[in-house]
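Working notes, structure below.
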Amino acid sequence: MIDNVLQQPGMRQVSPRLFRRLSLAAVLASLALLASGAWVRLSESGLGCSAWPACTHHRLVAPDRYHSLIEFSNRMLITAMAVIFLAVLAAAIARSPRRRDLLWLSTGLAIGYAAEAVLGGIAVLAKLAPALVAAHLILSLVILSCATALHWRSAIPDEAAGKRPEPVLPQPAMLGAYGLIPLFWASVVMGTIVTGSGPHSGKPGTPRFHLSLGGMVQIHAAIGLLSYGLALGLLAAVLAQHCPPPVQRRALAVVVLLTLQGALGYSVWFSAFSVIPSELHIAGAGFVLVAIERFNLGLLAHCGRPGSAGLAEAPPAPSGYEVPAVLETAEPSSAANAFLAFTSSLTETRSCGV
Ligand code: HEM
Numbered sequence: 618m619i620d621n622v623l624q625q626p627g628m629r630q631v632s633p634r635l636f637r638r639l640s641l642a643a644v645l646a647s648l649a650l651l652a653s654g655a656w657v658r659l660s661e662s663g664l665g666c667s668a669w670p671a672c673t674h675h676r677l678v679a680p681d682r683y684h685s686l687i688e689f690s691n692r693m694l695i696t697a698m699a700v701i702f703l704a705v706l707a708a709a710i711a712r713s714p715r716r717r718d719l720l721w722l723s724t725g726l727a728i729g730y731a732a733e734a735v736l737g738g739i740a741v742l743a744k745l746a747p748a749l750v751a752a753h754l755i756l757s758l759v760i761l762s763c764a765t766a767l768h769w770r771s772a773i774p775d776e777a778a779g780k781r782p783e784p785v786l787p788q789p790a791m792l793g794a795y796g797l798i799p800l801f802w803a804s805v806v807m808g809t810i811v812t813g814s815g816p817h818s819g820k821p822g823t824p825r826f827h828l829s830l831g832g833m834v835q836i837h838a839a840i841g842l843l844s845y846g847l848a849l850g851l852l853a854a855v856l857a858q859h860c861p862p863p864v865q866r867r868a869l870a871v872v873v874l875l876t877l878q879g880a881l882g883y884s885v886w887f888s889a890f891s892v893i894p895s896e897l898h899i900a901g902a903g904f905v906l907v908a909i910e911r912f913n914l915g916l917l918a919h920c921g922r923p924g925s926a927g928l929a930e931a932p933p934a935p936s937g938y939e940v941p942a943v944l945e946t947a948e949p950s951s952a953a954n955a956f957l958a959f960t961s962s963l964t965e966t967r968s969c970g971v
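If you want it as structure tokens, here you go:
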């Protein structure tokens, strides 16, 4: 039936390029919401507006007060995010050709958003119980992960999307790369336990986990350091195997972001939980997630064997394994070129999963 509607004269179909742009908006909106939700909690502005959807019973928009403005801005962002996610879902339906993977991920975003709204409401009713606040943060990262996968997959050409992906690295290194994912989520779960045991509850007098704060931080930091060690090893493997430049850049991005994330984590601890490093550390978790996910997705190529019709030649494969076909083989010659290559890679369709 939807197909009949879409075939009516005057109905526009969504191009792959427009869909990719919309999926990028979903990634950016998810990152913005993570940062803004964290700031609402860290600034204790959760009850800055006393009514819904108007800010107070007498005013639609926030009065000129700090907490009300923060809470109201967050609500505006949540509304914008709903519009973006609905647009992505509508675009996945109207995309020509329609792809099942993109449709599933877009539906996942919409369901995740609805679940997040319900969970947020329950967390407020439960007086910001730390387990619910933790689940709220974890779900926002799950939504970001879904948006990142959607954005990535929207760059895979339609004819290659159904192909069985091929690993770029030898199996032990691939296992190491997959290992970054559970380590990331373990680190996030421990981070929420640290927060639930620490001072940033969102409101004075909120229930706490009553666990040893120092002990929780030690476990959390140990997982973070383990991820860091693994990421360094993977960067070395990617360089030693002469992997394509985009794969090397993504491995480097994971190492750099984990370095910053660790530095921010220690700043939170040594500054006795100052809010600015805490905010950057929580937002940083979003960037680390995007980097780890893109690195892992980039290790699976969807474009068949080297020399396939329509694909650029791959660089010579190092002995021991076969490199799938790769388009992006040219190294940018300057910082400006590198920046241009990065920005266009966010909106252009790749000719290969790598
Ligand atoms: C893989 C690296 C890391 C990731 C992904 C990560 C992630 C997180 C996340 C998501 C939270 C916030 C949870 C919430 O708001 O409920 C958090 C909190 C925290 N993390 Fe990390 N972290 C990492 C490494 C570290 C390291 C190395 C330290 C060093 C001590 C650290 C110290 C802290 C502290 C003190 C908090 C509590 C912040 C607060 O309550 O405001 N983290 N972490």
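Counting in my numbering, the sequence shown runs from 618 upward without gaps. For each residue, glycine too, the CB sits at the ideal point set by N, CA and C. Computed from a prediction, not measured in an experiment: that's the story for all the values here.
| message | Below 8 Å, how does it come out for the region 853-868 and the region 781-798: are there three or more Cβ pairs, yes or no? | response | yes
| said: Pull the bridge partners of P784 from the DSSP assignment, please. | reply: L917
| Best match in Y730, G819, D775 and R716 for proximity to A751 [C-alpha to C-alpha] | G819
| Start and end residues, alpha helix (DSSP H) containing H837 | Per DSSP, the unbroken alpha helix (DSSP H) holding H837 starts and ends at L830 to A857.
| task | Give a yes or no on whether the C-beta atoms belonging to A902 and G808 are separated by under 9 Å. | result | Yes, Cβ-Cβ distance for A902 and G808 is below 9 Å.
| Neighbourhood of Y883 by C-beta distance below 8 Å, restricted to the same chain and skipping five residues each side | Counting only residues of its own chain and dropping the five nearest sequence neighbours on each side, Y883 has a CB closer than 8 Å to the CB of A838.
| request: Run the proximity test for H675: is its beta-carbon closer than 8 Å to any non-hydrogen atom belonging to the ligand HEM? | output: Answer for H675: no, Cβ out of range of the ligand HEM.
| task | Give me the Cβ distance between E910 and A766, rounded to the nearest whole Å; I'm assuming they're in contact under 8 Å. | result | 7 Å
| Nearest-angstrom Cα distance between S685 and C672? | 8 Å
| From L635 to A707, what distance separates their C-alpha atoms? | 12 Å
| field | Beta-carbon proximity check, G793 vs R867, cutoff 9 Å | value | no
| task | Report the three-state DSSP secondary structure of R712 (helix, strand or coil). | result | strand
| said: Quick check: is any heavy atom of the ligand HEM less than 8 Å from the C-beta of A838? | reply: A838 Cβ: within cutoff of the ligand HEM.
| request: Between the Cα of A772 and those of L645, I836 and S640, spot the shortest distance and give me the residue it belongs to. | output: S640
| query | Taking C-beta to C-beta, are A748 and T724 nearer than 9 Å? | reply | No.
| DSSP on V700, reduced to helix/strand/coil? | helix
| query | To the nearest angstrom, how far is it from the Cα of A646 to the Cα of Y795? | reply | Between A646 and Y795, the C-alpha separation is close to 26 Å.
| Buried or exposed: V871, going by 16 or more other Cβ atoms within 10 Å of its Cβ? | Flag for V871 reads buried.
| request: Return yes when the C-beta of G663 is under 8 Å from any heavy atom of the ligand HEM, and no when it is not. | output: G663 has its CB no nearer than 8 Å to any heavy atom of the ligand HEM.
| request: Have a look at A697, V657 and S632 and flag the residue whose alpha-carbon is nearest the alpha-carbon of S713. | output: The candidate whose alpha carbon is nearest that of S713 is S632.
| From which residue to which residue does the alpha helix (DSSP H) around G822 run? | Note, G822: premise wrong, no alpha helix (DSSP H); not H, not E.
| Do A679 and C666 have their C-beta atoms closer together than 9 Å? | yes
| Between which two residues does the alpha helix (DSSP H) containing Q630 stretch? | Counting along the chain, Q630 falls outside any alpha helix (DSSP H), and DSSP gives it neither H nor E.
| query | Are there 16 or more other CB atoms within 10 angstroms of the CB of I687, so buried, or fewer, so exposed? | reply | With 16 or more other Cβ atoms within 10 Å, it is buried.
| task | Compute the beta-carbon to beta-carbon distance between L800 and S844, rounded to the nearest angstrom, for a pair I have assumed lies under 8 Å. | result | 4 Å
| Terminal residues of the continuous alpha helix (DSSP H) containing F887? | P862 to F887
| Three-state secondary structure (DSSP) of V688 | One detail in the question is off: residue 688 reads as Glu in this sequence, not Val. In the structure shown, E688 sits in a helix (DSSP, three-state: H, G or I).
| said: Please return the same chain residues whose Cβ sits closer than 8 Å to the Cβ of A778, not counting the five positions on each side in sequence. | reply: R716, D718, R770 and H919
| request: Quick one: grab the DSSP three-state call for I773. | output: coil
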